[in-house]
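J.: Residue numbers (UniProt numbering): 1 to 529.
Next comes the structure, spelled out in structure tokens:
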């Protein structure tokens, strides 16, 4: 059984190698995990957009790490994986959790790749700090400020949920008050702040039921008044913004780097408003969050700025709008200019490296999408004698160049920025597919679309690595923890590759059920050798 699993791993690995050979650029994410035997593992995931403009990601290695888990050790493991998969000339970025050891690893990796890889903008967009991890740091700091009150709710919820009789009594109170119990009373896991948000949200929903329950049950002292509940309501609304942003950032089937700035503005606005609240309790809650926000996100976000410019709904106009909200007038002007310079510098690398002729890089300012596609469709398809047509057309080219009536010629980026942003209908705005738009317009923007494909590949969280594990939230279950590292790597990688191939064919919950049961059965037969 073990040999069959390893054979499957080799087959799927060869398949993925062939896919990656056809991809120009890839982005990496990496994060560390621990087994219940305290063995450290590093999960390395590759992200790319395929020829059909679909965003893909695949785990390429799940490696055991020798202690201590220093920046050098992490760097060595990532570099070894890059060389093993032959993608050293393709890697354009790596997204890591916010930790000093990861900073060291990213710095070493950037220096290493600079010798064999022309890193974009001299590596300015190479190291991406996981935005979900930073959000987690912000919220945890805030929750620590109100931990005593959160603990009271946690204790009350735990007390009710611990006994079937108490749950029955709670349901009876809800029925008498006409409050549905369909959503249930949620408990939380202290290390997962979003579960604390869900707990507070459900507790607020059932606040009258909780009061009625403890009026009858004297097993726990309960003295929450309406004023305290209103404070929790405000806390819940603040956390809701962070929870929505985390979900948005954690997507793996759509680009995320172009979604960062709108979410950042929403977070800044709620923190600014709450920090000047009349309620001292709320001001105390957001104060450490705002401090961390300014520490991590007060600087110009070059990658996210480039990405949102390449979102046809936003373009350069959104940068001006966003920076005027995030910075003072002088800073906003300086940072807008910096982003614009970087944008044109980055585009010049695509222009220089892939230019096949002057006419492919320059477009008339009056060119339409259909006209440009028409040019490409007929290019090279003529059956007329080329000696005659080339001579005549070259002469016409010279005439156009010297004609005073000719419109100014612009490159693809200038034309793209000049055109108004796309405005989807309000009802379908959330369903707008930025990759599909670039796929359709790739003939018009032949070089710019390549740049968009590469930039929009870069994820802003490491959450995609977590998707390799079961829906039950286990990181390394008991079966995997009992295996040798080579077998763990083969099983984690191959199972993720197989699920990725069939994710559009089978319901996600069915996938996870089948995966968990099949793999668990297989693992019963595999032992450490």
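We treat Cβ as the ideally placed atom computed from N, Cα and C, and that holds for glycine. A quick note: this is a predicted structure, and the numbers were derived from the prediction, not measured.
Should residue 501 go down as buried or exposed, given a rule of 16 or more other Cβ atoms within 10 Å for buried?
T.: Burial call: exposed.
J.: How long is the line joining the alpha carbons of residue 450 and residue 13, rounded to whole angstroms?
T.: Approximately 26 Å between the Cα atoms of the pair.
J.: Are residue 157 and residue 203 touching if we call contact CB-CB under 8 Å?
T.: Contact flag set, yes.
J.: How would you call residue 314, buried or exposed, if buried means at least 16 neighbouring beta carbons within 10 angstroms?
T.: Buried.
J.: Quick one: is residue 309 buried, meaning 16 or more other Cβ sit within 10 Å of its Cβ, or exposed?
T.: Result: buried.
J.: Hey, could you find the ends of the alpha helix (DSSP H) residue 104 is sitting in?
T.: Residue 104 -> alpha helix (DSSP H) spans 100-113.
J.: Would you call the stretch 164-183 and the stretch 124-131 in contact, with 3 or more CB pairs under 8 Å?
T.: Because the criterion of three Cβ pairs below 8 Å is not met, the stretch 164-183 and the stretch 124-131 do not touch.
J.: Identify the residues that DSSP records as bridge partners of residue 47: which are they?
T.: BP columns for residue 47 point to 27 and 57.
J.: Indicate the three-state DSSP secondary structure (helix, strand or coil) for residue 128 in the structure shown.
T.: Strand, per DSSP.
J.: Measuring only the C-alpha atoms, how far is residue 239 from residue 197?
T.: Answer to the nearest angstrom: the Cα atoms are 6 Å apart.
J.: Tell me, please, whether the stretch 90-97 touches the stretch 117-125 by the rule of three or more beta-carbon pairs shorter than 8 Å.
T.: The stretch 90-97, when compared against the stretch 117-125, does touch it at the 8 Å Cβ threshold.
J.: Spatial neighbours of residue 176 within its chain, please: CB distance less than 8 Å, with the 5 preceding and 5 following residues excluded, ordered by chain position.
T.: Excluding sequence neighbours, residue 176 sits near 212.
J.: For the beta strand (DSSP E) that residue 173 lies in, which residues bound it at each end?
T.: Note, residue 173: premise wrong, no beta strand (DSSP E); alpha helix (DSSP H) at 164-176.
J.: Terminal residues of the continuous beta strand (DSSP E) containing residue 91?
T.: Residues 91-96.
J.: Pick helix, strand or coil for residue 20, following the three-state DSSP scheme.
T.: If DSSP states are grouped into helix, strand and coil, residue 20 belongs with the helices.
J.: What distance in whole Å lies between the Cβ atoms of residue 327 and residue 335, which are believed to be in contact at a cut-off of 8 Å?
T.: Going by Cβ atoms, the distance from residue 335 to residue 327 rounds to 6 Å, so yes, they are a contact pair.
J.: Looking at the structure shown, is residue 470 part of a helix, part of a strand, or coil, going by DSSP?
T.: Note on residue 470: pLDDT 28, under 50, position unreliable in the model; the coordinate value appears next. In this structure, residue 470 counts as coil in the three-state DSSP scheme.
J.: Tell me whether the beta-carbon of residue 85 lies closer than 8 Å to the beta-carbon of residue 8.
T.: No. Outside cutoff.
J.: Determine the DSSP secondary structure at residue 41, reduced to helix, strand or coil.
T.: Reduced to three states, the DSSP call for residue 41 is strand.
J.: In the DSSP output, what is residue 33 paired with across the bridge?
T.: DSSP lists 41 as partners of residue 33.
J.: Output the residue ranges of the alpha helix (DSSP H) runs that lie fully inside the UniProt domain "hAT-like transposase RNase-H fold" (250-350) and measure 4 residues or longer, sorted by chain position.
T.: With a minimum length of 4 residues, the continuous alpha helix (DSSP H) runs that stay inside the UniProt domain "hAT-like transposase RNase-H fold" (250-350) are 260-275, 280-297, 302-309 and 315-326.
J.: Cβ of residue 530 within 8 Å of Cβ of residue 421?
T.: As displayed, the chain neither begins before 1 nor continues past 529, which places residue 530 out of reach and without an answer.
J.: Since residue 44 and residue 257 are thought to touch, with beta carbons under 8 Å apart, how far apart are those beta carbons, to the nearest angstrom?
T.: With a Cβ gap of about 19 Å, residue 44 and residue 257 do not count as contacting.
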